[in-house]
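Peer 1: All the letters of the sequence shown, read from the start, carry residue numbers 1 to 110 under our numbering.
What follows is a structure written as structure tokens; I'll ask about it next.
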Amino acid sequence: MKPMTYKNYSARIEYSDEDQCFVGRVVGIRDIISFHGDSVDEIRQAFQEAVDFYLETCTQRGEPPNKPYSGNLMLRVSPEVHAAVAAAAEVSGKSINQWASETLSKAAQY
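So, in structure tokens, the structure goes:
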């Protein structure tokens with residue numbers, strides 16, 4: 001399942017039975033941006049408005065907005081795991097980056 005995205009920001013959306021509406025939060029940044037709506041169209045609109053408001057507020061304050069994850073991931077693993085990953089990548093005819101990206105994507109069900 002792909003997340004809702006807008007201007008490179010992604011949202012996690014859940015249904016709140018207590019509030020009887022959809023509640024969303026922008027993920028992948030330190031700042032907290034939340035929003036809500038009663039339908040898919042409303043939650044999408046609220047998400048876009050929240051991101052636009054966040055970016056506008058950052059501009060007005062002269063502060064850089066938090067950026068979504070860059071796509072660069074540094075990992076520290078044991079030499080044995082590194083060797084096993086390198087071997088698995090080589091056997092599949094891929095670079096370590098290609099192999100790791102595909103493997104992590106499958107694990108995250110992205």
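Every residue, glycine too, gets a C-beta built ideally from N, C-alpha and C.
Nothing here was measured: the structure is a model prediction, and the numbers come from that model.
By the three-class DSSP mapping on this structure, what secondary structure does residue 32 have?
Peer 2: Looking at residue 32 - three-state DSSP - the assignment turns out to be coil, as it is neither helix nor strand.
Peer 1: Should the region 68-78 be called in touch with the region 32-45, which here means at least 3 C-beta pairs below 8 Å?
Peer 2: Because the criterion of three Cβ pairs below 8 Å is not met, the region 68-78 and the region 32-45 do not touch.
Peer 1: What number of angstroms, rounded off, separates the C-alpha of residue 33 from the C-alpha of residue 51?
Peer 2: Their backbone Cα atoms lie some 8 Å apart in a straight line.
Peer 1: Pick out whichever of 91, 96, 73, 92 has its Cα sitting closest to the Cα of residue 82.
Peer 2: Here the closest residue by C-alpha is 96.
Peer 1: Would residue 40 be called buried (16 or more neighbouring beta carbons within 10 Å of its own) or exposed?
Peer 2: Result: exposed.
Peer 1: Considering only DSSP beta bridges, list what residue 71 is partnered with.
Peer 2: In the DSSP output, where bridge partners are listed per residue, residue 71 has none listed.
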